[in-house]
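Residue numbers (my numbering), protein chains in the order written: chain A, 1 to 422; chain B, 1001 to 1614. Idealized CB from N, CA, C, for every residue including glycine. Since the model is a prediction, treat every value here as computed from it, not as a measurement.
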């Protein structure tokens, strides 16, 4: 008993030594009792921006946040409708002890600094075109928009975290040609890309996109955090594999694709995927066999994916990325919906999948000094988001578990690097 | 014998030719199969053999060149095309194809030279320029295509096609001024093209700077004779929300053509929909002044009246403390009111016994009742509706207002009769029916017939989607919890009746009696709150604040504590104009009552006020 009390005291002082002056703490619990999970991330982010520290209590009440009490944080929680408890220092010590106990699959991760966020989006984009920007806007997390010019001129080094909008890195304009080649937005988009390519000294858009993909890869290699959703995942890796071969048909770049394109792909150059077979038909709305087709999902009503349960103490990174108040989440489609397991490299960690199938939703891996996370699907709260559909109003989905996964990725770079236990 | 030999030789020749043809067809089919399977080298070999046998067959030639291009064998494509050009120097398409191949090879300079070649050899035929330009467009060499179209236009007799092509390309390349110049050049000779040009310009008006550039060019081309420019400019002004400028143009168009106000009427209707009441009113007036005998006059008058009414209501709302739960009726007399009444009266007289006329009568009645506080006159208009028809969509509303007038005058019998009538109407809407039942319940409450009140409330509550359901639930809960405290309940019902009659002073006295009885439990809570509301209706802010603060201090003991805090915020915000204090109240509400239904309103008020303060 005395040993337990002593341990509590030691843990308490080791975790709160920098904040001995604070009289109590704010516990933003993230379990089913939370009123607005998404804005809770914004509150924590803002606290970090103000130079405060936050502790992420992995697996404790759905992945809660514990912050030193501050009137501004409390007022912001109330204003934004985020539920919290004010806990005394002794209660906080009990929580720390409970979380760090070897008997529980929980751990504490210190969040130190708000990451600088960049979102790769074309000029004229609207926040509702993309789930990540929707979540950032809703949670009031600030971000910068960058596009090809900025990436090619080396601006990525200014940022800790980069999100890839659902752009097509292969230079095939999303392979919308068959359905939308006469639509004004498609025509405008193609012209915009062509102008960009010309401005940056590329004869073809596909060549510019390959250069952009390679620059992003270098950024990750040097310690950047990359998060991609929907078609930015597979099209990005395909662009890396096709660095030395033309895989693009005439209607996209003005000349025919290399007849031996498939054989000339270099899978060593990709981050996540291997051995994929390209869809060379320019009229088919698909890049390769990485993506799971709607027919393979079966009954859409049964489309749920499960998050893996990682060891918080031994695998803190995947644990952070999978913090949620539920571990079975409704699926959602996109141009790239899910990834075929056989096409995923063996060193990539699977974070979420449809149990009993080869359909993987959420993956994470390391490259060089950085990491990448790919999340299939377009909008976690709009099962089949189509071109022209209205934006999702996140005020109606404050507790969206699918959106939480996106926001986990934003706070993940704020975590202090700990020595790996494995 | 000779004849027989000739026949046999002929037959053999025919069979040999047929066999040869069959072989060619089979070879061609095989080549196509290889091409489709992606075996481009094999396909090219077969197409080359076929082309060698029959160089005049254009299908073989085109297929061979296509496969060369697909397999990126551009050198072979160049050889083939140059060889073909030696044989067919006059074929304009060969120059186009050869230029395309050079372009795909990346040799853009050579491509441009090849595309220029045919004009020196074949002369300046406008059709040639179009053909080569289409190859340039296909390769997305837009600047070259523009250059070719310009040259073609210079030598063409009919320049319209070239102007359309140029307009399209200038738009694509974001050269909107040039595009507008091309479209204006079409309009100057072919005004009937207006619709097409308008569609093309408006489709691109949302692009950066496009509208500004289109407008500035069309302004220059505006001429007195060709009204198509005026129509186009008016549309562009409207798109840019420059409504006054658009109106000036439409006015001018109307003067110059015998449109009899139709164009102006469409514009006025559009302005009404956009909430541009002042200008739409002006336009309607102009039509009435200019065409007093036109068949569109009735609908113009209706639009005009709606305009005036919308404008009036906007101004009226600014004068009335709508943020207060209770406030007295004050007369809002102005010339504006009379103008609206007169406009609706005109409609009511024009379309007697029609739905529009009943709507006009209802609106006049409402203005008389709520804006002018002339209840007797208002009742005349409502009575006219209910006397003339039981089938109108406006009858239920007219009965409802008659009931309200009777209620405000303390005549429960008359009021009950009116609300009761609504329940018997053949085409009554569910919402109107529920509202009538709720009002009947209130009348029974004022008569202290609590059982009947509860019965009626239970009918309203059946439809929880109805707007009245919340009020019905609240009143029902009150009756159930206070059923053993009939003396206080009677007192409270009396106070409610007085409050409905806008007798706030008298009502306050009765509420204070109930509020002063701490044993009255829930009645004490609500009466305390109402007491504060009455002081607020009487504009006694300090007293109201004091009472509300007492309720807040009661905390969880008073179920209206959160509502009281919210109302305190409203008083500071709207009554005392003390935004800092208002924010303090709203923040206190968020902190003390995290489950309150007023949280969202409080949050949006804080955000709004913080925006103001900063």
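Taking 8 Å as the cut-off between beta carbons, none of the residues of the region 39 to 50 of chain A comes near chain B.
Taking 8 Å as the threshold, the shortest C-beta distance from residue 1071 of chain B to chain A falls below it. Exposure of residue 300 of chain A is indicated by the presence of fewer than 16 other C-beta atoms within 10 angstroms of its C-beta. Taking a cut-off of 8 Å for Cβ pairs, the region 377 to 390 of chain A and the region 109 to 119 of chain A do not touch, as fewer than three such pairs fall below it. Put simply, the CB of residue 1591 of chain B is near chain A, with a gap under 8 Å to one of its CB atoms.
Per DSSP, the beta bridge partners of residue 107 of chain A are A:58.
For residue 274 of chain A, the closest of A:235, A:309, A:250, A:325 by C-alpha to C-alpha distance is A:235. Residue B:1047 holds the alpha-carbon nearest to the alpha-carbon of residue 1035 of chain B among B:1047, B:1419, B:1024.
Residue 1052 of chain B counts as exposed, since fewer than 16 other C-beta atoms from the protein chains shown sit within 10 angstroms of its C-beta. Collapsing the DSSP output to three states places residue 28 of chain A in a strand.
Close to residue 1040 of chain B, with beta-carbon spacing below 7 Å, are these residues of chain A in chain order: 259.
Beta-bridge annotation (DSSP): residue 118 of chain A is paired with A:144, A:162. When only Cα atoms are considered, residue 1040 of chain B and residue 246 of chain A end up about 16 Å apart. Under the three-state reduction of DSSP output, residue 310 of chain A falls in the coil class, being neither helix nor strand. Residues of chain A whose Cβ lies closer than 9 Å to the Cβ of residue 1587 of chain B are, in chain order, 75, 78, 79. As summarised for the region 1069 to 1120 of chain B, the continuous alpha helix (DSSP H) elements at least 4 residues long and confined to that stretch are 1074 to 1087, 1092 to 1105, given in chain order. Classified as exposed, residue 1220 of chain B has fewer than 16 neighbouring CB atoms from the shown chains inside 10 Å of its CB. In this structure, the straight-line span from the alpha carbon of residue 1454 of chain B to that of residue 1297 of chain B is close to 52 Å. Within chain A, no C-beta atom comes nearer than 8 Å to that of residue 1210 of chain B; the closest sits roughly 11 Å away.
Residue 242 of chain A and residue 1183 of chain B have their C-alpha atoms spaced approximately 44 Å apart. A:44 is the residue among A:92, A:89, A:44 whose C-alpha sits nearest the C-alpha of residue 74 of chain A. Chain order gives the chain A residues near residue 1203 of chain B as 184, where near means a beta carbon separation below 7 Å. Residue 1440 of chain B and residue 1239 of chain B have their alpha carbons spaced roughly 51 Å apart. By the neighbour-count criterion, in which a residue is buried when 16 or more other Cβ atoms sit within 10 angstroms of its Cβ, residue 320 of chain A is buried.
Looking from the CA of residue 1215 of chain B, the closest CA among B:1224, B:1204, B:1225 belongs to B:1204. For the 8 Å CB-CB criterion, residue 1549 of chain B and residue 1528 of chain B do not form a contact.
In the displayed model, residue 329 of chain A falls within a strand according to three-state DSSP.
With a minimum length of 4 residues, the unbroken runs of alpha helix (DSSP H) contained wholly in the region 1142 to 1185 of chain B fall at 1142 to 1155, 1160 to 1172. A Cβ-Cβ contact shorter than 8 Å links residue 1427 of chain B with residue 1391 of chain B. In this structure, DSSP gives residue 278 of chain A an extended state, which the three-state scheme calls strand.
In the three-state scheme derived from DSSP, where H, G and I count as helix and E and B as strand, residue 366 of chain A is classed as strand.
The residues 240, 243, in chain order, have a CB closer than 8 Å to that of residue 214 of chain A in the same chain once the five nearest residues on each side in sequence are set aside. In this structure, A:172 is the residue among A:382, A:331, A:172 with its C-alpha nearest to the C-alpha of residue 249 of chain A.
When CB distances to chain A are screened at a threshold of 8 Å, the residues of the region 1078 to 1107 of chain B falling below it are 1103, 1104, 1106, in chain order. Taking C-beta atoms as the reference points, residue 278 of chain A and residue 237 of chain A fail to come closer than 8 Å. Per the coordinates, the alpha-carbon of residue 1509 of chain B lies some 46 Å from the alpha-carbon of residue 1346 of chain B.
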